[in-house]
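Structure first, commentary second.
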């Protein structure tokens, strides 16, 4: 008997069957898009509770494993620190660099050339410090290491890197994601943690209100000869804004070390980026009126546009936003990262409670509860921050007088200073 191979083309029914088999989605309970600090911390918080989690990041895994220095020194409230401790991230940061975690003792705000400052002391917050600072790239590296620990211990996180999300959709039953290579994933809940300009949020039909402040900030690490005593500065000068974020002393030279944030119009920032290291150091020394002594640049320089973003909705059918995708803050009040961690804390608490009670983790009631809680915690300060940024970037005599009067009144009102300290420590 001879077998004859058929060369006939498959019929349309067979083609549809093959197509369905090829595109059959991989099923998860939760898909998180974006493996920045918020996405990593959310995956870590949900791990070990019987949930299948997919974490998608378009950057290659090597970048997550060893993120490059990006200039950003992150201010963390006491509440944020407590959350990072619970996730194991805090101890990881300390293990990566013993000089990384720097206390924020006090803060002071200047206006114009005057040496008068409104001061917020840690005593107003009833703690030994207002908060802490750590470099963004070390936070990211520590959070990635914690996720790897969860993968090894629980095996419930699938990390997908180096692939972009091509399409997203959701209905009452499930959310679906398709990657650029055709891979399809399906879950009970989709979470956007990609950025303040979230493409996932936009694809899901959630618009956002944006405020472009017409400025860019240049961030870098410096040493200086006058100690900072772990006091942060916010200096609204005429035509510029300067921020000093105190770090621990430079381990190489023993000199006081800080992260400096210079905010100018974008074309002026471009000129600063083109300066030699020596000229840039001299320019910063001049801009600080010599109050820090001689300033020396000891890192690369990085620029970021100043754009505030607040989505008109934080949730949709089987969808939620966390991190910067939920609130994109102006950095003047240093709450962007803290609000991101707060979103992780709030959403993970609701999800784990629903999971423990065998309820739908993406029910409309649960998602509305998350949105309500996070809006209540973030919306007022977002609006206040935007108003402060506008006032202190306005260059006219009336605005100068109003700013000076505001700082002097604030310095004389203990209740106001306690409220600011409570905000800085995370007791909002």
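Numbering (the numbering used here), first residue to last: 7 to 434.
Ideal placement from N, C-alpha and C gives every residue a C-beta, glycine not left out.
- Query: Of all the options 84, 60, 90 and 146, which has the alpha carbon lying nearest to the alpha carbon of residue 72?
  - Reply: Translated into positions along the chain shown, residue 72 becomes position 66. Nearest in C-alpha terms to residue 72, of all of 84, 60, 90 and 146, is 146.
- Please name the residue in 110, 61, 49 and 169 whose C-alpha comes closest to that of residue 83. The residue you call residue 83 lines up with position 77 of the chain shown. That would be 110, whose Cα lies nearest to the Cα of residue 83.
- Query: Three-state secondary structure (DSSP) at residue 27?
  - Reply: Residue mapping note: residue 27 aligns to position 21 of the chain shown, counting from 1. Unreliable positioning characterises residue 27 in this predicted model, as indicated by a pLDDT of 39, which lies under 50. The coordinate reading is nonetheless provided below. When secondary structure is reduced to three states using DSSP, residue 27 falls in the helix class.
- Task: From the DSSP output, read off the bridge partner residues of residue 164.
- Result: Within the chain shown, the letter at position 158 stands for residue 164. Paired residues: 60.
- Item | Cβ-based burial, residue 282 [other Cβ within 10 Å; buried from 16] | The residue given as residue 282 occupies position 276 in the chain shown. Flag for residue 282 reads exposed.
- Task: Just tell me which of 390, 341, 377 and 144 has its CA closest to the CA of residue 136.
- Result: Stepping through the chain shown from its first residue, residue 136 is reached at position 130. Comparing alpha carbon positions, the residue from 390, 341, 377 and 144 closest to residue 136 is 341.
- Extent of the continuous beta strand (DSSP E) run through residue 291: Within the chain shown, numbered from 1, the residue matching residue 291 stands at position 285. From DSSP, residue 291 is part of no beta strand (DSSP E) but of the alpha helix (DSSP H) over 283-293.
- Contact set for residue 351: own chain, Cβ-Cβ below 7 Å, skip 5 residues either direction: Along the chain shown, one-based indexing puts residue 351 at 345. These residues qualify, in order along the chain: 89.
- Item | Complete alpha helix (DSSP H) runs within the region 224-292 (minimum length 4 residues, chain order) | Here the runs fully enclosed are 272-280.
- Considering only the beta carbon of each residue, do residue 49 and residue 38 sit closer than 8 Å? Taking the first residue of the chain shown as 1, we reach residue 49 at position 43. Taking the first residue of the chain shown as 1, we reach residue 38 at position 32. One thing to note: residue 49 has its Cβ within 8 Å of the Cβ of residue 38.
- Item | Backbone CA spacing between residue 334 and residue 322 [nearest angstrom] | By one-based count along the chain shown, residue 334 stands at place 328. By one-based count along the chain shown, residue 322 stands at place 316. Between residue 334 and residue 322, the C-alpha separation is close to 19 Å.
- Under the DSSP definition of a beta bridge, which residues are partnered with residue 327? Sequence index remark: in the chain shown, residue 327 carries index 321 (1-based). Under DSSP, residue 327 forms a beta bridge with 198.
- In chain order, what residues of the same chain lie with their CB nearer than 6 Å to the CB of residue 165, ignoring the 5 residues before and after it? As a working note, residue 165 is residue 159 in the chain shown. 61, listed in sequence order.
- Message: Bridge partners for residue 147 per DSSP, in chain order?
- Response: As a working mapping, residue 147 is identified with position 141 in the chain shown. None; residue 147 has no bridge partner.
- For residue 206, three-class secondary structure by DSSP: Here the question's residue 206 lines up with position 200 in the chain shown. In the structure shown, residue 206 adopts helical secondary structure according to DSSP, grouped into three states.
- First and last residue of the uninterrupted alpha helix (DSSP H) at residue 87: Here residue 87 refers to the residue found at position 81 when the chain shown is read from its first residue. Under the DSSP assignment, residue 87 falls in the alpha helix (DSSP H) whose first and last residues are 84-93.
- Item | residue 358 - containing alpha helix (DSSP H), residue span | Along the chain shown, read from residue 1 onward, the residue named residue 358 stands at position 352. In the DSSP annotation of this structure, the continuous segment of the alpha helix (DSSP H) that includes residue 358 starts and ends at 342-362.
- Can you tell me the Cα-Cα spacing of residue 423 and residue 126, whole angstroms? Taking the chain shown and counting its residues from 1, one reaches residue 423 at position 417. Taking the chain shown and counting its residues from 1, one reaches residue 126 at position 120. Reliability of the predicted coordinates at residue 423 is poor, the pLDDT of 49 falling under 50, and no value is obtained from them.
- Message: Short of 8 Å in beta carbon distance, which residues of its chain neighbour residue 28, apart from the five on each side in sequence? Order them along the chain.
- Response: Along the chain shown, read from residue 1 onward, the residue named residue 28 stands at position 22. Note that residue 28 has pLDDT 43, beneath the 50 cutoff, so the model's placement of it is unreliable and no number is given.
- Would you report the Cα separation of residue 93 and residue 288, rounded to the nearest angstrom? Here residue 93 is taken as the residue at index 87 of the chain shown, counted from 1. Here residue 288 is taken as the residue at index 282 of the chain shown, counted from 1. If you draw a straight line from the Cα of residue 93 to the Cα of residue 288, it comes to about 42 Å.
- CB contact flag (residue 320, residue 381, <8 Å): What you label residue 320 is simply residue 314 of the chain shown in a count that begins at 1. What you label residue 381 is simply residue 375 of the chain shown in a count that begins at 1. Going by beta carbons, residue 320 and residue 381 fall inside the 8 Å limit.
- Task: Answer yes or no: do residue 47 and residue 95 have a C-beta to C-beta separation smaller than 8 Å?
- Result: Reading the chain shown from its first residue, position 41 is the one you call residue 47. Reading the chain shown from its first residue, position 89 is the one you call residue 95. Contact flag set, yes.
- Item | CB contact flag (residue 214, residue 316, <8 Å) | Against the chain shown, residue 214 aligns to sequence position 208. Against the chain shown, residue 316 aligns to sequence position 310. With respect to the 8 Å criterion, residue 214 and residue 316 are classified as neighbours on the basis of their beta carbons.
- State the DSSP-derived secondary structure class of residue 321, mapped to helix, strand or coil. Counting from one through the chain shown, the residue named residue 321 turns up at place 315. Three-state result, residue 321: strand.
- Message: Does residue 124 pass the burial test, meaning 16 or more other C-beta atoms within 10 Å, or should it be called exposed?
- Response: The sequence position of residue 124 within the chain shown is 118, counting from 1. The residue is buried, with at least 16 neighbouring Cβ atoms inside 10 Å.
- Item | Helix, strand or coil at residue 137 according to DSSP, with G and I counted as helix | For this step, residue 137 is matched to residue 131 along the chain shown. In the three-state scheme derived from DSSP, where H, G and I count as helix and E and B as strand, residue 137 is classed as strand.
- Message: For residue 167, which residues in the same chain have their Cβ closer than 7 Å to its Cβ, ignoring the five residues on either side in sequence?
- Response: Walking along the chain shown from the start, residue 167 turns up at place 161. Counting only residues of its own chain and dropping the five nearest sequence neighbours on each side, residue 167 has a CB closer than 7 Å to the CB of 63, 65, 66, 67 and 70.
- Integer-rounded CB distance, given that residue 266 should sit under 8 Å from residue 226: Here residue 226 refers to the residue found at position 220 when the chain shown is read from its first residue. Here residue 266 refers to the residue found at position 260 when the chain shown is read from its first residue. Right, their Cβ atoms sit about 6 Å apart.
- Message: I'd like to know if the region 170-177 and the region 290-307 are in contact, where contact means that at least 3 CB-CB pairs between them fall below 8 Å.
- Response: Output reads no: the region 290-307 does not touch the region 170-177.
- Task: Return the bridge partner residues of residue 125 from the DSSP annotation.
- Result: Counted from its first residue, the chain shown places residue 125 at position 119. DSSP output for residue 125 lists 114 as bridge partner(s).
- So what does DSSP say about residue 38, is it helix, strand or coil? Here residue 38 corresponds to residue number 32 of the chain shown, with the count starting at 1. Three-state result, residue 38: strand.
- Message: For the alpha helix (DSSP H) containing residue 67, name the first residue and the last one.
- Response: Locating residue 67 in the chain shown gives position 61, where the first residue counts as 1. Residues 67-71.
- Item | Own chain, CB closer than 6 Å to residue 75, minus 5 neighbours either side, in chain order | Taking the chain shown and counting its residues from 1, one reaches residue 75 at position 69. Once the five neighbours on either side are set aside, the close Cβ partners of residue 75 are 143.
- Item | Rounded straight-line distance, which links the Cα of residue 221 to that of residue 106 | By 1-based counting over the chain shown, the position of residue 106 is 100. By 1-based counting over the chain shown, the position of residue 221 is 215. Answer to the nearest angstrom: the Cα atoms are 29 Å apart.
- Around the Cβ of residue 355, are there at least 16 other Cβ atoms within 10 angstroms (buried) or fewer (exposed)? The count along the chain shown starts at 1 and reaches residue 355 at position 349. When all chains shown are included, residue 355 counts as exposed.
- Message: Short of 7 Å in beta carbon distance, which residues of its chain neighbour residue 57, apart from the five on each side in sequence? Order them along the chain.
- Response: Start at 1 with the first residue of the chain shown, and residue 57 comes out as number 51. Taking residue 57 as the centre and dropping the five residues before and after it, the same chain places the C-beta of 35, 36, 162 and 361 closer than 7 Å to its C-beta, in chain order.
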